[in-house]
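Student: Protein chains in written order, with the working numbering: chain A, 975 to 1205; chain B, 975 to 1205.
Ideal placement from N, C-alpha and C gives every residue a C-beta, glycine not left out.
Only a predicted model underlies this, so the values are computations on that prediction, with no experimental measurement involved.
Before we start, here is the structure in question, set down as C-alpha cells.
Number of protein chains: 2
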Amino acid sequence: MDITRETTTVTTGRRAQGERTRQAILETAVDIASAEGLEGLTIGRLAARLSMSKSGLFAHFGSKEDLQLATIEAARAIFIHEIIRPAFEAERGMPRLWKLCDIWLSYVQGGVFSGGCFFAAAAAEFDGRPGPVRDRIAEIMKEWLDTLRRAVVESQEAGQMERDVDPAQLAFEFNSFELGANWSFQLYGDKQAFARAREAILERLRRYSTLSGSSLLPPPKEKRRSRARAR
Amino acid sequence: MDITRETTTVTTGRRAQGERTRQAILETAVDIASAEGLEGLTIGRLAARLSMSKSGLFAHFGSKEDLQLATIEAARAIFIHEIIRPAFEAERGMPRLWKLCDIWLSYVQGGVFSGGCFFAAAAAEFDGRPGPVRDRIAEIMKEWLDTLRRAVVESQEAGQMERDVDPAQLAFEFNSFELGANWSFQLYGDKQAFARAREAILERLRRYSTLSGSSLLPPPKEKRRSRARAR
DNA sequence: AGTTGTATAGCACGAACGTTCGTCTTAAAC
DNA sequence: GTTTAAGACGAACGTTCGTGCTATACAACT
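Here you go:
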C-alpha cells in the first residue's frame, strides 16, 4: 500500500522522464534479448535502436548484469500479464490447467517475443554460467513449473482428475511439450508443432479426467488420422 | 593401434601433424561449445586451453564460422558414435526405439558433453540467427527426429505397435521429453528428470504396444522406483 | 645440399565490448 | 533569479574479439 503510493508520488512529483526512459529501454531490451539472447543484448545495439548514447542508457543501470536482471524482470512481468493472469480467470482445476498450457502455446505462436519463449532461450543460454542471472532465471522457471503442478493438484482436489497421477510428473511432461513446440517452431517455423503439443496435452488430460466427455475441456478433433496423413 | 604408436613416435611425419592437431582442436572445441555455446567458443580461449597461439590455431580454419561448422560435425560424429550406433545394435522395432531414447538420456546424464546435449544448446543459441550454422544444426536435429520417427514406423511394421499411432506425433513427444529432461538437468541439476522422461516414454510405449507385458521393453516399476527416490 | 611446402608463432589491425569521466541542458525548488 | 540535481551526451579507457600479414622451424623431395 505504501509502496504503490510512494512510487506514484515520486513519479508525479519529480521528473518522470527517468523512469519512463528506463521503461522504454527495458521494453526494447526484452525484444532484443528474446531474439539475440541476453548476452547478445548489447548496450551499444540497445542504444542504437533507441537513438540514445551508450553512456546515457548505461546510467540507468549500474552494470550489464543489472541490465540483464532488469530485462528478466520486465519479461517476467509480461509473462505474468499475458499468460498467468488470463489463465487464472478460468475456473480453478482442469479448465485452468488447460488454459495455462493453451495460452502459453498461443503466446509463443503469436510472437509476443520475437525469439520465442524468452525464458526457454535464457535458460538454455545461462544454464552453464553460474551467477545471479542464471539463478533468477531458474527461480522464475520454477515458478512456472510450480504453477502447472499446483493446477494439477487443484484438479485432483476438485475431483476432476484421477488421484494416482503424480502432479510433478504431469507438470514435467506438459512443460516438455511446450519446450518441444517452442523448439520446433523456432528452428523450423513449424506451426504444426503447436497442434502436436496441444494434442499431447489434451490426450493426457482426457485420459486422466474422472468425467468422461467432460465439458471442462475443448471437444476432441474429429479424424485425427486423416490429418496425420497430410504431411 | 596406429594411434597409440603415433602418440609415442614423433616421426610419423610432419604432414600428419596438421590433421592430428586439427582433431585435437575440435575435441576441445566441442567441449567448450557445449558448455559456453558456439559463440562463446572463442578462438583465444580455445588456443589458451590448447597452449597454442591464436594465429596457429586459426590457420586450420578459414574463419570462425568454419570453425563452428567443423565443431558441429565433430559433435555429430560423437553423437552418432555414442548414441545412434549402439542403439542400432538393438533389434529393429520397439527395442531399438526404446534404446534410442534410453541411451540419449544416459548420454546427457553421463556428461559426455559438459554442457548437456550439444545440439539442444546450439539450436537454442542459433535459432534466431540465419546462416549456414543454423541450417546445419537444423539438418542434424531433423536427422535425429527422423531416426525416431522411422523407429516408430518400423515398430508398427513389425507388428509391435498399434498402427493408428502417428509416428511424427510420437517422435515429437519423445523428443520433447528429452529436451525437457536436458533442460531440467542443466538448470537444476535434477537427475530425477531422467527418470521422469523414461517413465513418460515407457508409459507410452507400453500403452501402444500390441503385446501386453512385452519382453521387448524393460519391466515396469521395481528398481527404477526406489532409484528415483534416492536423490 | 638446396628447394619446396606445411605447420606454427609473432605481431598488428580495426571493430566492438563494458565502463568511466567530465560536461551540457533543463526542469523543479528555493 | 538563483541553485540544485536528474538525465543525457561525447570521448575515451582497457580489453577482447576475429582476422589478416610475415617469419620461422622442420619434414620431404630433388
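Check for me: the alpha helix (DSSP H) holding Cys-1075(A) runs from which residue to which?
Tutor: Counting from 1 along the first sequence, the entry for residue 1075(A) is found at position 101. 1068-1083 is the extent of the alpha helix (DSSP H) around Cys-1075(A).
Student: Given this structure, state the Cα-to-Cα distance separating Ala-1064(B) from Arg-1070(B), to the nearest angstrom.
Tutor: Here the question's residue 1064(B) lines up with position 90 in the second sequence. Here the question's residue 1070(B) lines up with position 96 in the second sequence. So the two alpha carbons sit approximately 5 Å from each other.
Student: Ordered along the chain, which non-local residues of its own chain (more than five positions away) have a Cβ less than 7 Å from that of Leu-1000(B)?
Tutor: Sequence index remark: in the second sequence, residue 1000(B) carries index 26 (1-based). Annotation for Leu-1000(B): Ala-1044, Thr-1045 and Ala-1048 place their beta carbon closer than 7 Å to its own, counting only its chain and skipping 5 residues before and after.
Student: Please decide whether Gly-1090(B) counts as near chain A, where near means a Cβ-Cβ distance under 9 Å.
Tutor: Along the second sequence, one-based indexing puts residue 1090(B) at 116. So, interface residue.
Student: By DSSP, does Ser-1029(A) sit in helix, in strand, or in coil?
Tutor: One-based indexing of the first sequence puts residue 1029(A) at position 55. Ser-1029(A): helix per DSSP, three-state reduction.
Student: From the DSSP output, in three-state form, read off Ser-1008(A) for me.
Tutor: For the purposes of this step, residue 1008(A) is identified with residue 34 of the first sequence, where counting begins at 1. Note: Ser-1008(A) maps to helix in three-state DSSP.
Student: Quick check: the Cα distance between Leu-1140(A) and Ile-1114(A), rounded to an integer number of angstroms?
Tutor: The sequence position of residue 1140(A) within the first sequence is 166, counting from 1. The sequence position of residue 1114(A) within the first sequence is 140, counting from 1. The residue you asked about is not Leu; residue 1140(A) is Asp in the sequence shown. Straight-line Cα distance between these residues: approximately 22 Å.
Student: Below 8 Å, can you find three or more Cβ-Cβ pairs linking the stretch 1118-1135 of chain A to the stretch 1068-1082 of chain A?
Tutor: yes
Student: Please list, in chain order, the residues of the stretch 1114-1148 of chain B that have any C-beta partner in chain A closer than 7 Å.
Tutor: Met-1115, Asp-1138, Asp-1140, Ala-1142, Gln-1143, Phe-1146 and Glu-1147
Student: When the distance is taken between beta carbons, is Phe-1151(B) closer than 9 Å to Glu-1147(A)?
Tutor: As a position in the first sequence, residue 1147(A) is number 173, starting the count at 1. As a position in the second sequence, residue 1151(B) is number 177, starting the count at 1. It is a contact, given that the beta carbons lie within the stated cut-off.
Student: Tell me which residues share the same chain as Arg-996(A) and place their Cβ nearer than 6 Å to its Cβ, disregarding the 5 neighbours each side in the sequence.
Tutor: Stepping through the first sequence from its first residue, residue 996(A) is reached at position 22. Result list for Arg-996(A): His-1034, in chain order.
Student: Locate the alpha helix (DSSP H) running through Gly-1018(B), then write down its first and last residues.
Tutor: For the purposes of this step, residue 1018(B) is taken as the residue at position 44 of the second sequence. Per DSSP, Gly-1018(B) belongs to the alpha helix (DSSP H) from 1017-1023.
Student: Applying the 10 Å Cβ sphere with the 16-neighbour rule, what's the burial state of Thr-1002(A)?
Tutor: Residue 1002(A) sits at position 28 when you count from the first residue of the first sequence. Sixteen is the threshold: when 16 or more other Cβ atoms of the shown chains lie within 10 Å of the Cβ of Thr-1002(A), as they do, the residue is buried.
Student: What first and last residue would you give for the alpha helix (DSSP H) that runs through Asp-1101(A)?
Tutor: To locate residue 1101(A), count along the first sequence from 1; it is residue 127. Unbroken run through Asp-1101(A): none, as it is neither H nor E.
Student: Cutting at 8 Å between CB atoms, please list the residues of its own chain near Ile-1017(B), excluding the five before and the five after it.
Tutor: Position 43 of the second sequence, counting from 1, holds the residue named residue 1017(B). The answer, listed in chain order, is Lys-1028, Leu-1031, Phe-1032, Lys-1038 and Leu-1041.
Student: Would you give the residue range spanned by the alpha helix (DSSP H) that Arg-1050(B) belongs to?
Tutor: If you number the second sequence from 1, residue 1050(B) lands on position 76. Arg-1050(B) -> alpha helix (DSSP H) spans 1038-1053.
Student: For the alpha helix (DSSP H) that contains Arg-1178(A), what are its first and last residues?
Tutor: Within the first sequence, numbered from 1, the residue matching residue 1178(A) stands at position 204. Start and end: 1166-1182.
Student: Suppose the cutoff is 6 Å on Cβ atoms and the five residues either side in sequence are ignored; what does the same chain contact list for Thr-985(B) look like?
Tutor: By one-based count along the second sequence, residue 985(B) stands at place 11. Because Thr-985(B) carries a pLDDT of 36, less than 50, the predicted location of this residue cannot be relied on, and the following value inherits that uncertainty. Correct list: empty, nothing qualifies.
Student: Taking the alpha helix (DSSP H) that Leu-1153(A) belongs to, which residues open and close that run?
Tutor: Taking the first sequence and counting its residues from 1, one reaches residue 1153(A) at position 179. Unbroken alpha helix (DSSP H) run through Leu-1153(A): 1141-1162.
Student: Could you tell me whether any Cβ in chain B is nearer than 9 Å to the Cβ of Ala-1157(A)?
Tutor: To locate residue 1157(A), count along the first sequence from 1; it is residue 183. The question names Ala, but residue 1157(A) in the sequence shown is Trp. At least one chain B Cβ lies under 9 Å of Trp-1157(A).
Student: Within 10 angstroms of the Cβ of Gln-1160(B), are there 16 or more other Cβ atoms? Answer buried if so, exposed if not.
Tutor: Here residue 1160(B) refers to the residue found at position 186 when the second sequence is read from its first residue. Buried.
Student: What are the residues that DSSP puts in a beta bridge with Met-1135(A)?
Tutor: In the first sequence, residue 1135(A) corresponds to position 161, counting from 1. Note: Met-1135(A) sits in a beta bridge opposite Ser-1183(A).
Student: If we define contact as Cβ-Cβ less than 9 Å, is Glu-1099(A) a contact residue for chain B?
Tutor: Numbered from 1 along the first sequence, position 125 holds the residue referred to as residue 1099(A). Yes, contact with chain B.
Student: With 9 Å set as the bound, which would you pick, yes or no: does the beta-carbon of Arg-1205(A) sit closer than that to a beta-carbon of chain B?
Tutor: Stepping through the first sequence from its first residue, residue 1205(A) is reached at position 231. Bear in mind that the predicted position of Arg-1205(A) carries a pLDDT of just 38, short of 50, making it unreliable; the figure below should be weighed with that in mind. Chain B contact via Cβ: present.
Student: Do you know offhand how far Phe-1092(A)'s Cα is from Arg-994(B)'s?
Tutor: By one-based count along the first sequence, residue 1092(A) stands at place 118. By one-based count along the second sequence, residue 994(B) stands at place 20. Near 41 Å, if we compare the C-alpha coordinates of Arg-994(B) and Phe-1092(A).
Student: Would you say Phe-1053(B) reaches chain A, if we count a Cβ-Cβ gap shorter than 9 Å as a contact?
Tutor: Here residue 1053(B) refers to the residue found at position 79 when the second sequence is read from its first residue. Not an interface residue.
Student: Please report whether the beta-carbon of Ile-1111(B) lies at a distance below 9 Å from any beta-carbon of chain A.
Tutor: Reading the second sequence from its first residue, position 137 is the one you call residue 1111(B). For Ile-1111(B), the answer is yes, since a Cβ of chain A falls inside 9 Å of its Cβ.
Student: Below 8 Å CB to CB, which residues in the same chain sit around Thr-978(A) once its five sequence neighbours on both sides are set aside?
Tutor: Taking the first residue of the first sequence as 1, we reach residue 978(A) at position 4. Residue confidence for Thr-978(A) is low, a pLDDT of 27 falling below 50, so the modelled location carries little weight and cannot support an answer.
Student: Taking DSSP as the reference, what is the three-state secondary structure of Leu-1191(B)?
Tutor: Against the second sequence, residue 1191(B) aligns to sequence position 217. Here Leu-1191(B) sits in coil by DSSP.
Student: Would you tell me roughly how many angstroms separate the C-alpha atoms of Trp-1157(B) and Pro-1060(B), rounded to the nearest one?
Tutor: By one-based count along the second sequence, residue 1157(B) stands at place 183. By one-based count along the second sequence, residue 1060(B) stands at place 86. C-alpha separation (whole angstroms): 24 Å.
Student: Nearest to Leu-1185(B) by alpha carbon, out of Met-1026(B), Glu-1136(B) and Arg-1019(B)?
Tutor: On the second sequence, residue 1185(B) is found 211 positions in, with the first residue counted as 1. Comparing Cα-Cα distances from Leu-1185(B) to each of Met-1026(B), Glu-1136(B) and Arg-1019(B), the minimum goes to Glu-1136(B).
Student: Beta-carbon within less than 6 Å of Arg-1123(A)'s beta-carbon, same chain only, minus the 5 sequence neighbours each way: which residues are those?
Tutor: Start at 1 with the first residue of the first sequence, and residue 1123(A) comes out as number 149. Excluding residues within five positions, the ones whose Cβ falls inside 6 Å are Pro-1141, Ala-1142 and Ala-1145.
Student: So, are the CB atoms of Arg-1066(B) and Glu-1128(B) less than 9 Å apart?
Tutor: For the purposes of this step, residue 1066(B) is taken as residue 92 along the second sequence, with counting starting at 1. For the purposes of this step, residue 1128(B) is taken as residue 154 along the second sequence, with counting starting at 1. Contact flag set, yes.
Student: Quick check: what's the CA-CA separation for Leu-1153(A) versus Ala-1132(A)?
Tutor: Indexing the first sequence from 1 puts residue 1153(A) at position 179. Indexing the first sequence from 1 puts residue 1132(A) at position 158. CA-CA distance, Leu-1153(A) to Ala-1132(A), rounds to 28 Å.
Student: Can you give me the C-alpha to C-alpha distance between Val-1004(B) and Glu-1013(A), rounded to a whole angstrom?
Tutor: By 1-based counting over the second sequence, the position of residue 1004(B) is 30. By 1-based counting over the first sequence, the position of residue 1013(A) is 39. The alpha-carbon atoms of Val-1004(B) and Glu-1013(A) are separated by roughly 20 Å.
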